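Notes follow once the structure below has been shown.
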Amino acid sequence: MKVYIVGKGAVGTYLGDLLRGIGVEVAYAPRALDEVRAFDADVALVATKAYDTDGAIETLRKAIPYPEKCVFVSPQNGVGNEERLAAAFGADNVIAAALTTPIDRDRDGNARPAKEGGLALAPIGANAYNWLAATFSGTGLTVKVVE
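Structure (structure tokens):
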């Protein structure tokens, strides 16, 4: 599996590190749009602040060569992020996510859970993504799929 992450803050770093730990290929988007290169991802995580969602969509449009074959996951806080992703990439390719694990970053930039929590996934469209829940469960996170 190949995962592309837009947003290398605490949440993006934490989820990326977990996925790398089970052998998933993870790439992070650069901050500058002119530095974005194509990455044939199976999953794209949008881990930016809500006010950066439109910029993340612009990055994803440039980075993901086959968006119809990619699942876009939004563990963002805020309202309307999933709807904007669905408008850009199709509702059947978007999953709302809630990370209930508070994340701390140390002085070296490492992201660590402050206490135990989990990850909830809620597909926006009609497609089922049990394989994605199983992948995140394999990292040690408690995962719940909400329909």
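Sequential numbering of the sequence shown, starting at 14, is according to the numbering used here. No residue lacks a Cβ here, since even glycine has one placed at the ideal position from N, Cα and C. Since the structure is predicted, the reported quantities are computational estimates derived from the model, not experimental observations.
Worksheet item: Buried or exposed: V27, going by 16 or more other Cβ atoms within 10 Å of its Cβ?
Response: Along the sequence shown, one-based indexing puts residue 27 at 14. In the sequence as presented, Val is not what sits at residue 27; that position holds Tyr. Burial call: buried.
Discussion item. Using the three-state DSSP reduction, which class does K21 fall into: helix, strand or coil?
Written reply: Residue mapping note: residue 21 aligns to position 8 of the sequence shown, counting from 1. DSSP places K21 outside both helix and strand once states are collapsed to three, so it counts as coil.
Worksheet item: Between which two residues does the alpha helix (DSSP H) containing T155 stretch?
Response: As a position in the sequence shown, residue 155 is number 142, starting the count at 1. It is not in any alpha helix (DSSP H) - T155 instead sits in the beta strand (DSSP E) that spans T155 to V158.
Worksheet item: Between V39 and the rest of its own chain, which residues show a CB-CB distance below 7 Å, the 5 nearest in sequence each way excluded?
Response: Translated into positions along the sequence shown, residue 39 becomes position 26. Excluding positions up to five away in sequence, the list reads V16, I18, G29, L32 and R33.
Item to complete: Decide if V84 is buried, meaning its Cβ has at least 16 other Cβ atoms within 10 Å, or exposed.
Response: Residue numbering aside, residue 84 sits at position 71 when the sequence shown is read from its first letter. V84 sits buried, since 16 or more C-beta atoms from the chains shown fall within 10 Å of its C-beta.
Worksheet item: Per DSSP, what kind of secondary structure is F149 in: helix, strand or coil?
Response: On the sequence shown, residue 149 is found 136 positions in, with the first residue counted as 1. Of the three classes helix, strand and coil, the one that applies to F149 here is helix, per DSSP.
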